[in-house]
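Below you'll find the structure, written out as structure tokens, and then a few comments.
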Amino acid sequence: MAEPLSPAASHDEHDHKPHGWRRWVYATNHKDIGTMYLIFACTMFFIGGFMAMLIRLELFKPGLQFFDPQFFNSMTTMHALIMIFGAVMPAWTGLANWMVPMQVGAPDMALPRLNNFSFWILPFAFTLLLSSLFVPGGAPAGGWTMYPPLVLQTGASFPMLVFSIHLMGASSILGAINIVVTIMNMRAPGMTLLRMPLFVWTWLITAYLLIAVMPVLAGAVTMLLTDHFFGTTFFTAAGGGDPVMFQHIFWFFGHPEVYILILPAFGIVSEVIPTFSRKPLFGYEAMVYAVASIAFLSFIVWAHHMFTVGMPLAAQLFFMLSTMLIAVPTGVKVFNWTATMWKGSLSFEPPMLFALAFLFLFSIGGFSGLMLAMVPADYQYQDTYFVVAHFHYVLVPGSIFGIMAGVYYWLPKWTGHMYDLKLATWHFWLSAIFVNVLFFPQHFLGLAGMPRRIPDYAVQFTDWNMVSSIGGFGFGLAQLLFPYIIWKCVRSGARVGNKAWEGAHGLEWELPSPPPFHSWTTPPSDSVIARGAAH
Amino acid sequence: MQPHLTSVPAAAPLEARRRRRVRRSALLFALIAAAFYFAFIVMTLVRGWK
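Heads up: the protein sequence lines correspond to chains A and B, in order.
Counting from 12, one number per residue, gives the positions in the first sequence under the numbering used here.
Counting from 5, one number per residue, gives the positions in the second sequence under the numbering used here.
Okay, structure coming up:
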């Protein structure tokens, strides 16, 4: 039997469960901080989603209906910034906070106070960003990519944009450092690297990506700031600077950022599919190497976002081929998920439904990504709705469905209650149908030549824009079910045991549901770890 | 089996070693992040001088 800890031993002064507002403001417990991240991400998801509804409302018919073009461009810019930095990234960090310590058999994150600080930076960053809507000149409208010289024309909101990005970056870097340090130093004895669950592996690799690329974005926006206010000309052609250099730096951050948004979803799908197939994951080690390969390749493909700015033929060939190479490890993963299901005893609870939809729909985003990787084709698709369709297929049925799968998978563990499976299944089907009604027609619009980031369009694009907007409203309304399902689960869901899902494996399922405030104060035994690592 | 964090005397050096390792690796990663930040600014600066 493992030796229990003395009361003074577990976590110095925060070994008891605090109450009231202090529990949240001074939180150092990984579960509380994880909950705060998830609530924050959900709030931002609805704010960013509301902006998306306004965009689709304006695009429902040709002509300017409701907003002036400046406000429309502010909405596209803010929607992207909020969804990427406010919804998806904090949701992943929330899931990591909840699950990584429990999955590696650690009592908490390695640096709990830093964890608190990482979270509490975020509300300030987004209050700053959102309050830019109310300053003279309006919110930033130059696109989330912030290309100079356009972005340097932003009004009073420009320093707010730059400072909020610095804050978001600091939060992400500190969070990532905490996760890497936790995984490398806090694993239970016997939890070797190749026994770790795939979600932990994908987060470890994601955290390395974050540490490498978030400072690059911070550096780029610092240079924009000095160009704007201090007379430097890093990116100002008139002073000898190079605006294209900004694009290179931005996308050196931006492409790995795409994988930061998607790799943890790979981890969740790799947890969910084996559970509901009642089979071990096929090719565990190949999956780990595939994720690492994707992360490595993400550093050498950035210029495929900017083929049309002009670059030497050799560079075009290099970036085209290296981008296509990503299809190989991605193909390994899709093959392994499919092989895991092969001859499995499948059941289709909501997490599995979201994981399966991820598999099909993310692959559609991957295929259109391959089309965009081809230089001659990209010259046609550049800046059209085809690109919008592509990255939304990656980020909505990819990242967002991955988050949904994760929340529906672990919600019974977190709360100790089962949620309304029927309602969650409705949530899935409405989301899956409307996400396709929303984004699939955008492929047609892009191929027909409709440019992105415009509030008005030629009349021949009307029909598919109407369909897309109807899909958008349907998808947006369907998401209202999500907080209701969670609220209902917490209030009145049926009690569940340690193992909410029959086929689940992993250390988190060895703990009671909900897990105690301090879990794994005594590390799990080797046999428990071996039972959990059934891959 | 050994507890993660303990005041049991035998495990104290282990725990102290772990805390040192945590601090050291956190600082190392913070330095790496800072290096990326400054390196990209310096690189753009150097490129502008050419």
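Cβ coordinates follow ideal geometry from the N, Cα and C atoms, glycine included.
Residues near A:N84 by beta carbon distance below 7 Å, same chain, minus five either side: Along the first sequence, one-based indexing puts residue 84 of chain A at 73. Same-chain partners within the cutoff: A152 and R464.
Could you tell me whether the Cβ of B:V26 comes closer than 8 Å to any Cβ of chain A? Residue 26 of chain B sits at position 22 when you count from the first residue of the second sequence. Yes, B:V26 lies at the interface with chain A (some Cβ there is under 8 Å from its Cβ).
Please classify A:M100: does DSSP put it in a helix, a strand, or coil? What you label residue 100 of chain A is simply residue 89 of the first sequence in a count that begins at 1. Reduced to three states, the DSSP call for A:M100 is helix.
So is A:A306 buried or exposed if we call it buried at 16+ other beta carbons inside 10 Å? Locating residue 306 of chain A in the first sequence gives position 295, where the first residue counts as 1. Looking at its Cβ environment, which holds 16 or more other Cβ atoms inside 10 Å, A:A306 is buried.
Expressed to the nearest angstrom, what Euclidean distance is found between the alpha-carbon atoms of A:M89 and A:M64? Against the first sequence, residue 89 of chain A aligns to sequence position 78. Against the first sequence, residue 64 of chain A aligns to sequence position 53. If I take the Cα positions, the gap works out to 13 Å.
State buried or exposed for B:V46, treating a residue as buried only when at least 16 other CB atoms are found within 10 Å of its CB. Here residue 46 of chain B refers to the residue found at position 42 when the second sequence is read from its first residue. It counts as exposed.
Quick one: does B:A30 have its CB under 8 Å from some CB of chain A? Sequence index remark: in the second sequence, residue 30 of chain B carries index 26 (1-based). Cβ-Cβ to chain A under 8 Å: yes for B:A30.
Cβ-based burial, A:F240 [other Cβ within 10 Å; buried from 16]: In the first sequence, residue 240 of chain A corresponds to position 229, counting from 1. Exposed is the call here.
In angstroms, rounded to a whole number, what distance separates the CA positions of A:P561 and A:H529? As displayed, chain A neither begins before 12 nor continues past 546, which places residue 561 of chain A out of reach and without an answer.
Suppose contacts are defined by Cβ-Cβ distances below 8 Å. Is A:F318 in contact with A:D389 by that definition? The residue given as residue 318 of chain A occupies position 307 in the first sequence. The residue given as residue 389 of chain A occupies position 378 in the first sequence. The answer is yes: Cβ separation under 8 Å.
Please report the Cβ distance between B:F44 and A:G230, rounded to the nearest whole angstrom; I am assuming they are in contact, meaning their Cβ atoms lie under 8 Å. For the purposes of this step, residue 44 of chain B is taken as residue 40 along the second sequence, with counting starting at 1. For the purposes of this step, residue 230 of chain A is taken as residue 219 along the first sequence, with counting starting at 1. 4 Å between Cβ atoms; contact.
Apart from the five residues just before and just after A:S142, which ones in its own chain have a Cβ nearer than 8 Å to its Cβ? Taking the first sequence and counting its residues from 1, the one referred to as residue 142 of chain A is at position 131. These residues qualify, in order along the chain: M171.
When the Cβ atoms of the stretch 273-292 of chain A are set against those of the stretch 346-360 of chain A, are three or more pairs found closer than 8 Å? yes
Per-residue contacts from A:M322 into chain E (C-beta, under 9 Å): Protein chains A and B are contained in the structure displayed, whereas chain E is not.
Straight-line gap, A:I95 to A:S129 (C-alpha atoms, nearest Å): Working through the first sequence from its first residue, we reach residue 95 of chain A at position 84. Working through the first sequence from its first residue, we reach residue 129 of chain A at position 118. Distance between the alpha carbons of A:I95 and A:S129 is about 17 Å.
If you pair each beta-carbon of the stretch 447-460 of chain A with each one of the stretch 477-496 of chain A, do three or more pairs fall below 8 Å? yes
Within the continuous alpha helix (DSSP H) that includes A:Q258, where are the two ends? Here residue 258 of chain A is taken as the residue at index 247 of the first sequence, counted from 1. Taken as a continuous stretch (DSSP letters only), the alpha helix (DSSP H) holding A:Q258 covers P254 to S288.
Interfacial residues, the stretch 72-104 of chain A to chain B, with Cβ spacing under 7 Å: none
Would you identify the three-state DSSP class for A:P462, choosing helix, strand or coil? As a first step, residue 462 of chain A is located in the first sequence; it is residue number 451 there, counting from the start. Here A:P462 sits in strand by DSSP.
For A:M382, which of A:A199, A:T39, A:I337 and A:V99 has the nearest alpha-carbon? For the purposes of this step, residue 382 of chain A is taken as residue 371 along the first sequence, with counting starting at 1. The shortest C-alpha separation from A:M382 is found at A:I337.
List, in order along the chain, the chain B residues whose C-beta lies closer than 7 Å to that of A:F245? Position 234 of the first sequence, counting from 1, holds the residue named residue 245 of chain A. What A:F245 touches in chain B: T48 and G52.
Are any of the Cβ atoms in chain A nearer than 8 Å to that of B:P7? Here residue 7 of chain B is taken as the residue at index 3 of the second sequence, counted from 1. In this prediction, B:P7 has a pLDDT of 46, which is less than 50 and means its spatial position is unreliable; nothing more can be read from the coordinates.
Same chain, Cβ closer than 7 Å to A:Q81, neighbours up to 5 away in sequence not counted: Walking along the first sequence from the start, residue 81 of chain A turns up at place 70. G149 and A152.
In its own chain, which residues sit with a C-beta less than 8 Å from the C-beta of A:I184, not counting the 5 before and 5 after it? For the purposes of this step, residue 184 of chain A is taken as residue 173 along the first sequence, with counting starting at 1. Cβ within range, chain order: L221, I222, M225 and P226.
Short Cβ contact (8 Å threshold) for A:F293 with A:A350: The residue you call residue 293 of chain A lines up with position 282 of the first sequence. The residue you call residue 350 of chain A lines up with position 339 of the first sequence. Yes, the pair counts as a contact, with Cβ atoms nearer than the cut-off.
What does DSSP give as the partner residue(s) for A:M429 in the beta ladder? Residue numbering aside, residue 429 of chain A sits at position 418 when the first sequence is read from its first letter. For A:M429, which the question treats as bridged, DSSP gives the partners A:A505.
Helix, strand or coil: which one does DSSP assign to A:T341? As a first step, residue 341 of chain A is located in the first sequence; it is residue number 330 there, counting from the start. Correct three-state label for A:T341: helix.
Assigned exposure category for A:E513 - 16 Cβ within 10 Å defines buried: The residue labelled residue 513 of chain A in the question sits at position 502 within the first sequence. That one is exposed.
In whole angstroms, what is the alpha-carbon distance linking A:T247 and A:T237? Here residue 247 of chain A refers to the residue found at position 236 when the first sequence is read from its first residue. Here residue 237 of chain A refers to the residue found at position 226 when the first sequence is read from its first residue. Going from the Cα of A:T247 to the Cα of A:T237 covers about 11 Å.
Would you check if the distance between the CB atom of A:F346 and the CB atom of A:W313 is smaller than 8 Å? Along the first sequence, one-based indexing puts residue 346 of chain A at 335. Along the first sequence, one-based indexing puts residue 313 of chain A at 302. Contact: no.
A:F78: beta carbon under 7 Å from a heavy atom of the ligand MN? This structure lacks the ligand MN, and indeed carries no ligand of any kind.
DSSP state of A:T395 mapped onto helix, strand, coil: In the first sequence, residue 395 of chain A corresponds to position 384, counting from 1. A:T395: strand per DSSP, three-state reduction.
In whole angstroms, what is the alpha-carbon distance linking A:P408 and B:R21? Against the first sequence, residue 408 of chain A aligns to sequence position 397. Against the second sequence, residue 21 of chain B aligns to sequence position 17. Cα to Cα, A:P408 sits roughly 44 Å from B:R21.
Pull up the CB-CB distance for A:V280 and A:W348, whole angstroms please, since I reckon it's below 8 Å. Here residue 280 of chain A corresponds to residue number 269 of the first sequence, with the count starting at 1. Here residue 348 of chain A corresponds to residue number 337 of the first sequence, with the count starting at 1. That belief holds up - the Cβ atoms of A:V280 and A:W348 are roughly 6 Å apart, short of 8 Å.
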